[in-house]
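Numbering (UniProt numbering), first residue to last: 1 to 425. All C-beta atoms, glycine included, are put in the ideal place defined by N, C-alpha and C. Note sheet for the following structure.
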C-alpha cells in the first residue's frame, strides 16, 4: 500500500506537455568523404565502431562512434580485386565470435565477374587494420552478366551465414536461374562457416537446409525466386528476416521470412513480380503465377513511386522509443523513405518519412543502404554524396519523457516508479 501511494504521488510530478503522435525525425551527418558507400556493419566487440564499405574502391572504412570521426586509414582495401558497374565490394559481415577470432567475411565481385565470399582476419598489430594476405575464398559463383549480383551477407540468429544472390543479370532472368535449384543464383543461401563439408572444403552445409539430399538441388539454398535482393536484414529482437527484392518493370517488393521458418520459400521471380504475373511470357517449366506455393511480398510499390527498393531495418534502438518495432526502408532511385509495422500477419502504421528525413532530397540523393549500429540506432548511406547519416529525433527534449517516445505518460511513470523502488531496496 505504501508503494502504491508513492507511485500515485509521483504521477502529480509529471509535467503537462503537448505529446507527439510519433517522434518527428531528422537525419544528422556522421561522416562524409566516402566513395560510393553501399553498406554498414559492426563487430560485437564493445568498441562502438561502424564499418562502411565502398563499392568500387574496395575499401572498408571505420567510423568511431565514440569520437564521431572516421579513421584516416582504411580497415581493408581490395581495390586491386574488385570490378565496377553494379559489381564491387557489396557486403560485409563480422563473425559472431569476432572479439575472439578476429574473423570477418566480405561479398565481392572480382575482375572477371564472379561473386566471391571471402574470409579475412584482423592484423596481429591492430584491431583497426585487417590483414590483406589472410583472405580465403569460401565460395565462388560465376555471374553470366554484370548486373543483379545481390550482395548482402549477414549472420542469422542461428549462427549461420546468409548470402543473397541476384539472378545473374540481363532482363527477365533469361536462364530461369531464380527458379532452378541447380544454381546458386536468384537465391538466399545459408552456410556454416565452422564446418568444411561443403564443395570447396571451406564451409559446411547446415543439416536442416531445405534442399539437403534433394537430387539436382544445391544444398546451400535456403530460399529462392529472388531477382536481386540487394539489401536484407534480421530483426535483432525476433529473428525475422526482411528481404527487399529489386523489380524488373513493374514492382519493388519487401518479402518476409518468419524466424520460425524452416526455409524453402519460393518468392516468385521470374513467375511473379510482386503480386503480379511477370511481363515475361516464358514459363520454362515453372508453376503458374497463381500457384499457392509462391510466397507474395508483405509490401510492394509500383515504378511510379520508385524504381529500386533499398531494404532497411526494424528499429530496436532506445533513443526513439515510440518507434521500436518499426521497419524502415527506402528507394535508391527516388530517395524516398517509408516505414511500417509488421506482426507476421498484418501490416500497420505505414508512413512516408521523406519530408522529415530527406526534405527536398537535400540529405540523400541516392539511398544505397541502411545500417544498424551496435545500440540499434539506424543509419543511411548516400551513394553519390558519399555520406553516412544517423536517424535521430527532431523533437526538443521533453522533461519527464524517460522512454524517448516524445510524450509523457504512464509508461514514463512506470519507469520512474521502477527506478525509485530499485533505489529504495
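Look at residue 86 here: in three-state DSSP terms it is coil, with no helix or strand label.
Rounded to the nearest whole angstrom, the C-alpha separation of residue 302 and residue 117 is 33 Å.
The three-state secondary structure of residue 101, taken from DSSP, is helix.
If only complete runs of 3 or more residues are kept, the segment 36-62 shows the beta strand (DSSP E) at 37-41 and 49-54, in order along the chain. Under the three-pair Cβ rule at 8 Å, the segment 336-353 does not count as touching the segment 267-277. Here the segment 175-192 does not lie against the segment 119-135, with fewer than 3 beta-carbon pairs under 8 Å apart.
A Cβ-Cβ contact shorter than 7 Å links residue 246 with residue 308. Beta-bridge analysis with DSSP links residue 164 to 188.
For residue 134, the three-state secondary structure derived from DSSP is helix. Nearest in C-alpha terms to residue 27, of all of 384, 70, 361 and 326, is 361. Of the residues assessed, residue 108 falls on the buried side of the cut-off, its CB having 16 or more other CB atoms within 10 angstroms.
For residue 354, the enclosing alpha helix (DSSP H) begins and ends at 354-357.
Note that the segment 142-157 touches the segment 73-92; at least 3 beta-carbon pairs, one per stretch, sit closer than 8 Å.
Restricting attention to 71, 240 and 260, the CA atom closest to the CA of residue 312 is found in 240. For residue 241, the uninterrupted beta strand (DSSP E) run begins and ends at 241-245, by DSSP. When 58, 91 and 69 are compared, the shortest CA-CA separation from residue 81 is found for 58. Using a Cβ distance threshold of 7 Å, residue 297 and residue 255 count as a contacting pair. The three-state secondary structure of residue 361, taken from DSSP, is helix. Of the candidates 150, 265, 207 and 127, 207 places its Cα closest to the Cα of residue 158. Counting only residues of its own chain and dropping the five nearest sequence neighbours on each side, residue 229 has a CB closer than 6 Å to the CB of 150, 164, 243 and 245.
No Cβ-Cβ contact shorter than 7 Å links residue 99 with residue 155. Distance from the CA atom of residue 393 to the CA atom of residue 227, rounded to whole angstroms, is 35 Å.
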